[in-house]
Amino acid sequence: NVIVSSNDRAFQLTVANYSVTGFEGYAMARASHGVSKGTWYFEVYFDDQPDDSHVRIGWSQVHAPLQACVGYNKFSYGWRSKHGTKFHDAKGKKYHFGGFKQGDTLGCLIHLPVDK
Amino acid sequence: DFFKINQLKFRKKMIKFARSRIHGWGLYAMETIAQDEMIVEYIGQKIRSLVADEREKAYERRGIGSSYLFRIDEHSVIDATKRGNFARFINHSCQPNCYAKVLTIEGDKRIVIYSRSIINKGEEITYDYKFPIEDDKIDCLCGAKACRGYLN
Amino acid sequence: WSAFAPEFQELEENEKYIEKEGEFDMEDE
Numbered sequence: 001n002v003i004v005s006s007n008d009r010a011f012q013l014t015v016a017n018y019s020v021t022g023f024e025g026y027a028m029a030r031a032s033h034g035v036s037k038g039t040w041y042f043e044v045y046f047d048d049q050p051d052d053s054h055v056r057i058g059w060s061q062v063h064a065p066l067q068a069c070v071g072y073n074k075f076s077y078g079w080r081s082k083h084g085t086k087f088h089d090a091k092g093k094k095y096h097f098g099g100f101k102q103g104d105t106l107g108c109l110i111h112l113p114v115d116k
Numbered sequence: 001d002f003f004k005i006n007q008l009k010f011r012k013k014m015i016k017f018a019r020s021r022i023h024g025w026g027l028y029a030m031e032t033i034a035q036d037e038m039i040v041e042y043i044g045q046k047i048r049s050l051v052a053d054e055r056e057k058a059y060e061r062r063g064i065g066s067s068y069l070f071r072i073d074e075h076s077v078i079d080a081t082k083r084g085n086f087a088r089f090i091n092h093s094c095q096p097n098c099y100a101k102v103l104t105i106e107g108d109k110r111i112v113i114y115s116r117s118i119i120n121k122g123e124e125i126t127y128d129y130k131f132p133i134e135d136d137k138i139d140c141l142c143g144a145k146a147c148r149g150y151l152n
Numbered sequence: 001w002s003a004f005a006p007e008f009q010e011l012e013e014n015e016k017y018i019e020k021e022g023e024f025d026m027e028d029e
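Going down the list, the protein sequences come from chains G, F and A. Numbering of the first sequence is given in the numbering used here, commencing with residue 1 and proceeding in unit increments. Numbering of the second sequence is given in the numbering used here, commencing with residue 1 and proceeding in unit increments. Numbering of the third sequence is given in the numbering used here, commencing with residue 1 and proceeding in unit increments.
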């Protein structure tokens, strides 16, 4: 089963099999398994959002630093709850009007080339 | 250590900052300081390592020196660039009269500057910054006999 | 202090920095 990795994650995040809890500054936790070709999709339930807090989710390579948000550099792509902005290489662009919040179910899809 | 660090707050007249022979401003001993004595805590904003990396780039872009970033451990850095105390004025020397130690007081890591040897009244307080080696060299102005020639 | 660095603020103790939401962002929409 794909779960949130217990070691491929920032040490300060609280991780259970299927959930991640963060506080203070952005940090990253990744899944136990990665994908390398084809089309893949995952869903996340946004469980709890204290006032003025936000999350970013997306796709990341193993090279992306764990002590920053997803979308910080060229090795990851992130989607932010605030305004629904997409981020890559620390540049935010308009993506989804209004963003998302606690109680929403969020889906992330990736298309990768299929080996011939 | 907890007791001694708190004592430092009441011993401020032990040191003062003034024009330095090495560079800009420096810290000077106002009384004789014995060897291995706590002199001053290096105080600033405690930030994460990656935040420090981003600040270093931002400071360079704005022409602000980034030598006020002092690493505590692999996770944290003290940044005294805009907020801190006068320990930020301590100049580098290749043959310093002080060294730094990271102390853990009630679970909190702090940087404290200690005297390496007896420091006479009027002598400048110096420390070896151990800047990382880089291609673009910056001349060292410490004037010590064992000067390495460059800060980096 | 203001003579040496106008924006500089003296601290008595280390201050834990509270990161902004956009701390790592170069550009935002």
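The beta-carbon is built from N, C-alpha and C at its ideal position, and this holds for glycine as well. Owing to the predicted nature of the structure, the values given are computational and were not obtained by experimental measurement.
| Item | Value |
| --- | --- |
| The stretch 10-24 of chain A contacting the stretch 46-58 of chain F, beta-carbon criterion three pairs below 8 Å | yes |
| Range of the contiguous alpha helix (DSSP H) that encloses K57 (chain F) | S49 to R61 |
| The stretch 10-27 of chain A: positions lying closer than 8 Å to chain F by Cβ | E10, L11, E12, E13, N14, E15, K16, Y17, E19, E23 and F24 |
| Residues that DSSP places opposite A18 (chain F) in a beta bridge | F:G26 |
| Chain-ordered residues of the stretch 21-54 of chain G with a beta carbon less than 7 Å from chain A | E24, G25, Y26 and H54 |
| Beta-carbon neighbours of A68 (chain G), restricted to chain F and to distances below 7 Å | L50 |
| Sequence-distant residues of the same chain with beta carbon closer than 7 Å to A144 (chain F), five excluded per side | S93, C94 and Q95 |
| P65 (chain G): contacting residues in chain F (beta-carbon distance under 7 Å) | L50 |
| Beta-carbon proximity of C167 (chain F) to I22 (chain F), cut-off 7 Å | Here chain F comprises residues numbered 1 to 152, so residue 167 (chain F) is not present and cannot be evaluated. |
| Classification of E41 (chain F) by the beta-carbon crowding that lies within 10 angstroms, buried from 16 upward | buried |
| The beta strand (DSSP E) enclosing N7 (chain G), as first and last residue numbers | V4 to R9 |
| Segment limits, alpha helix (DSSP H) that includes F2 (chain F) | F2 to L8 |
| Minimum Cβ-Cβ distance from Y72 (chain G) to chain A less than 7 Å | yes |
| Beta carbon of N120 (chain F) nearer than 7 Å to that of G26 (chain F) | no |
| The stretch 74-81 of chain G / the stretch 91-108 of chain G touching (three or more Cβ pairs under 8 Å) | yes |
| Integer Cβ distance of Y114 (chain F) from E31 (chain F), believed to fall under 8 Å | The Cβ separation is near 16 Å, so there is no contact. |
| Backbone CA spacing between E12 (chain A) and G122 (chain F) [nearest angstrom] | 25 Å |
| Proximal residues of chain F, C-beta to C-beta of E7 (chain A) below 7 Å | K82 |
| Coil, strand or helix - F42 (chain G) by DSSP | strand |
| Delimiting residues of the beta strand (DSSP E) encompassing E124 (chain F) | E124 to Y127 |
| Other residues of its chain near A29 (chain G): CB distance less than 6 Å, five sequence neighbours each side excluded | V4, R9, L13, V15 and V20 |
| Span separating the alpha-carbon of D115 (chain G) from that of D139 (chain F) | 54 Å |
| Inter-residue spacing [alpha-carbon to alpha-carbon] between Y131 (chain F) and I105 (chain F) | Looking at the sequence itself, residue 131 (chain F) is Phe, so the reference to Tyr does not match. Going from the Cα of F131 (chain F) to the Cα of I105 (chain F) covers about 27 Å. |
| C-beta contact flag for A34 (chain F) and I15 (chain F) at 7 Å | no |
| Neighbour-count burial assignment, Q7 (chain F), 16 or more Cβ in a 10 Å radius | exposed |
| DSSP-derived helix/strand/coil call for R148 (chain F) | coil |
| Backbone secondary structure at F70 (chain F) - three-state DSSP | strand |
| Close Cβ partners of R19 (chain F) (< 8 Å) along its chain, the five nearest in sequence each way excluded | W25 and G26 |
| Spatial distance of I64 (chain F) from K57 (chain F) (CA atoms) | 10 Å |
| Exposure label - R55 (chain F); buried when at least 16 CB within 10 Å | buried |
| A16 (chain G): contacting residues in chain A (beta-carbon distance under 7 Å) | Simply none; closest approach about 24 Å. |
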